[in-house]
Amino acid sequence: MVLHQSLPESEKLKSGTNWLNEFLGTLWRPDFVPDWAVPLTAVMVGVGIVLAIASLATMFSTWLERKVSGHIQCRYGPMRVGWHGFLVPLADGVKLLLKEDMIPKGADRVLFVLAPALVMSSILGAMVAFPLSHEFFFADLDLGVFMILALSSTTTIGVVMAGWSSNSKWSLYGSMREAAQVVAYEIPLGISLLVPLMVAGSFNLIEISEAQAGWFGMHWFIFRNPFMIPAFIIFFIAVLAEMKRAPFDLPETESELVAGFMTEYSGIRWSFFFFEEYTAMFLFSCVTAFFFFGGFEGPPTHFAAQVFGEGHLVHQLTAFLTIAVKGFAGVFLMMWVRWTLPRVRIDQVMTMGYKYLTPLALACVLGAGVFEVLWHWGVDA
Amino acid sequence: MDHTLQQRIFYGALALLVLVGLGAGLAAGGGAGLAFALFAAMTIGGSLMCIWERSVVRSAFCLMATFTGVAGLFILLESDFIAMAQILIYVGGILVLILFGVMLTPPDLTERQLPRVFAGLILVGAGVAWVAVKVAATARWAVPDEMQPTAESNAREIGVGFLRADGYVVPFELAAVVLTVALVGAVYIARRKRADLEPQGGES
């Protein structure tokens with residue numbers, strides 16, 4: 000059968016976490032453990048690492064959100080649990096786990112339970128495509144960006160499912176708004192991303208990052224061409240709208256819809272929606288960093304590569320720290336926007352998406368194409 | 000018959016069929032066969048559930064299983080790009096639009112009756128199934144050599160195929176023009192005339 004040919008045995012599984020696989024291969028194992036168990040275990044461990052990173056990023060982000068909002072409003076925020084409230088996320092986790100899990104009587108039970116799981120699994124699936132450094136990554140990479148965009152777009156279905164299955168008017172309005180908003184902003188999101196994609200000529204996040212390595216690691220795409228800056232701004236706005244972060248948090252508008260699509264949720268199921276939101280913030284900040292702000296590259300990575308050599312452990316670690324710092328800088332920017340700007344109305348959201356951002360993004364693509372041809376013609380990217 | 004009982008019988012039969020299918024896949028093709036059976040079960044089971052469910056919105060959600068299953072089949076065929084495009088466009092785009100359209104229908108539709116055209120639908124379905132079986136039985140399923148799936152990503156391959164001198168740029172662009180014309184036409188038809196707006200109190 001063709002099926003046998005179409006799946007290359009363990010090649011595919013090995014491609015990602017290479018050294019994990021090699022390390023596990025050298026370990027002693029009993030005879031009854033078959034060979035394919037090794038790459039499978041490596042992949043499992045890799046996915047476990049992804050989950051851990053997503054959880055840590057979420058925990059840190061919830062703490063950061065409280066502190067940032069506090070300081071923006073001239074107060075301290077949490078101060079008592081741990082150093083400057085650093086352990087509040089842990090206390091939160093315990094509280095959410097112990098809370099009563101309620102399902103409303105009129106709700107569609109199956110979909111009500113399925114919705115948070117769907118939201119969570121799609122964002123974790125997208126997280127798998129996120130490379131941690133030049134040589135440590137989990138998924139087949141060539142379509143990294145595309146995979147992140149595709150899988151994170153399915154969280155919308157989960158949100159709509161949550162809103163509809165709750166059988167409550169607040170929730171239903173929230174999910175209607177979510178559907179309308181995501182449809183409106185998916186287009187400028189994709190089109191504005193075309194500008195750096197066109198320059199990089201690859202979907203592969205690591206290749207995109209390597210294309211920005213020149214000039215002491217400061218050959219970032221944002222400096223490369225005048226159309227990158229509007230493209231970045233459009234992308235950032237579209238990401239905020241896609242992730243339903245304020246000022247685009249119309250699906251949950253506390254002041255109008257109680258809590259929007261998650262009005263009826265409680266306990267750990269409720270927290271899944273927040274897990275998704277904070278993981279998506281971190282993930283998309285990292286994607287922004289990859290596309291506009293050099294990804295792994297920067298002076299520290301450059302010097303680490305000079306001193307220790309490409310692919311040395313220190314180089315890999317520096318790359319990881321660089322992308323983490325850039326990611327959290329993006330998360331901080333999103334929080335700053337949230338606690339500074341007032342919420343926009345739904346008609347303003349629609350107007351901005353369809354009438355302004357989409358044509359502007361198209362103009363950016365056109366302008367960047369012309370500029371690249373005229374300015375960088377024959378120069379290697 | 001009682002609605003809950005119907006539901007139980009249907010889902011029980013479906014689960015049984017899926018289990019049999021998974022077993023057959025495992026027996027026929029090992030791991031790859033199991034994966035194929037899983038995605039095929041998602042595709043077919045999703046569409047069956049979509050027809051079975053009485054609430055329109057639930058039917059729409061069942062479509063998600065179908066679309067994801069088709070994406071999985073594409074991955075098994077080593078067409079990662081098409082698989083991701085399938086998820087991005089069908090699950091992230093078209094399904095959201097469908098949901099947007101049907102979401103305001105009431106959630107409890109237990110009184111919705113089977114359509115009167117049921118017999119007609121069965122006839123049509125049987126006809127289609129007959130054609131499908133006929134095609135499956137008579138078609139030659141050999142894969143030509145140059146179409147063997149490769150282990151590499153095919154985004155670049157598709158791009159190169161588009162941009163070649165004898166590539167598909169012109170048909171692709173023509174399709175885009177047709178879609179744009181359709182979009183503009185739809186907006187034109189849906190747009191209310193200025194005269195219609197004025198009696199209702201002008202600009203609001």
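Each protein sequence line maps, in turn, to chains Z and S.
Quick note: the first sequence, position 270, residue 269 per numbering that gives the first Met the number 0, numbers continuous.
Quick note: the second sequence, position 8, residue 7 per numbering that gives the first Met the number 0, numbers continuous.
Just so it is clear, CB atoms sit at the ideal spot from N, CA and C, and this is done for glycine as well.
These numbers come from a predicted model, not from an experiment.
Boundaries of the alpha helix (DSSP H) in which residue i is found, first to last residue
| i | result |
| --- | --- |
| Z/Lys94 | 87–97 |
| Z/Thr317 | 312–339 |
| Z/His70 | 36–71 |
| Z/Pro358 | 357–374 |
| Z/Trp219 | Unbroken run through Z/Trp219: none, as it is neither H nor E. |
| S/Asp79 | 79–85 |
| Z/Glu206 | 204–209 |
| S/Trp129 | 117–137 |
| Z/Glu241 | 227–241 |
| S/Gly158 | 154–162 |
Sequence-distant residues of its chain with Cβ nearer than 6 Å to residue i (five each side left out)
| i | result |
| --- | --- |
| Z/Ala237 | Tyr184, Pro187, Leu188 |
| Z/Ala199 | Ile207, Ala210 |
| Z/Glu76 | According to the sequence displayed, residue 76 of chain Z carries Gly and not Glu. For Z/Gly76, where only same-chain residues beyond five positions count, the Cβ hits under 6 Å are Arg65, Lys66, Gly69. |
| Z/Val343 | Pro246 |
| S/Phe99 | none |
Sequence-distant residues of the same chain with beta carbon closer than 8 Å to residue i, five excluded per side
| i | result |
| --- | --- |
| S/Met41 | Ala64, Thr65, Thr67, Gly68, Gly71 |
| S/Gln85 | Phe66, Val69, Ala70, Phe73 |
| Z/Trp219 | Gln211, Phe291, Phe292, Gly293, Glu296 |
| Z/Glu251 | Gly173, Lys243, Ala258, Gly259, Phe260, Met261 |
| Z/Leu78 | Checking the sequence shown, residue 78 of chain Z turns out to be Met, not Leu. Cβ within range, chain order: Gly84. |
Reduced DSSP secondary structure (H/G/I, E/B, other) of residue i
| i | result |
| --- | --- |
| Z/Val343 | coil |
| Z/His133 | coil |
| Z/Glu309 | coil |
| Z/Val257 | coil |
| Z/Gly84 | helix |
| Z/Trp214 | helix |
| Z/Asp382 | Only positions 0 to 380 of chain Z appear in the structure, and residue 382 of chain Z is not among them; the question remains open. |
| S/Leu178 | helix |
| Z/Phe273 | helix |
| Z/Val1 | The pLDDT assigned to Z/Val1 is 33, lower than 50, so where the model puts this residue is not dependable, and the model offers no usable value. |
| S/Leu173 | helix |
| Z/Pro299 | helix |
| Z/Lys354 | helix |
| Z/Met146 | helix |
| Z/Trp169 | helix |
| Z/Ala128 | coil |
| Z/Arg79 | coil |
| Z/Thr154 | helix |
| S/Ala189 | helix |
| Z/Ile102 | coil |
| Z/Trp163 | helix |
| S/Leu103 | coil |
| Z/Pro115 | helix |
| S/Leu15 | helix |
| Z/Leu26 | coil |
| Z/Gly293 | coil |
| Z/Ser262 | In the sequence under discussion, the amino acid at residue 262 of chain Z is Thr, which differs from the Ser named in the question. If DSSP states are grouped into helix, strand and coil, Z/Thr262 belongs with coil. |
| S/Phe9 | helix |
| Z/Tyr184 | helix |
| Z/Arg176 | helix |
Neighbourhood of residue i by C-beta distance below 7 Å, restricted to the same chain and skipping five residues each side
| i | result |
| --- | --- |
| Z/Met101 | Ser265 |
| Z/Val118 | Thr154, Gly157, Val158, Phe271, Phe272, Glu275 |
| Z/Arg28 | none |
| S/Val90 | Met63, Phe66, Thr67 |
| Z/Leu193 | Val364 |
| S/Glu52 | Ser58, Cys61 |
| Z/Ala128 | Ala138, Gly143, Met146, Ile147 |
Any non-hydrogen atom of the ligand FAD within 8 Å of residue i CB
| i | result |
| --- | --- |
| S/Glu77 | You won't find the ligand FAD in this model; it holds no ligand whatsoever. |
Amino acids of chain C, ordered along the chain, whose beta-carbon sits closer than 9 Å to that of residue i
| i | result |
| --- | --- |
| Z/Leu110 | Considering every chain present, this structure includes no chain C. Its protein chains are Z and S. |
| Unbroken stretches of the beta strand (DSSP E), 3 residues or longer, contained in the stretch 24–76 of chain S | none
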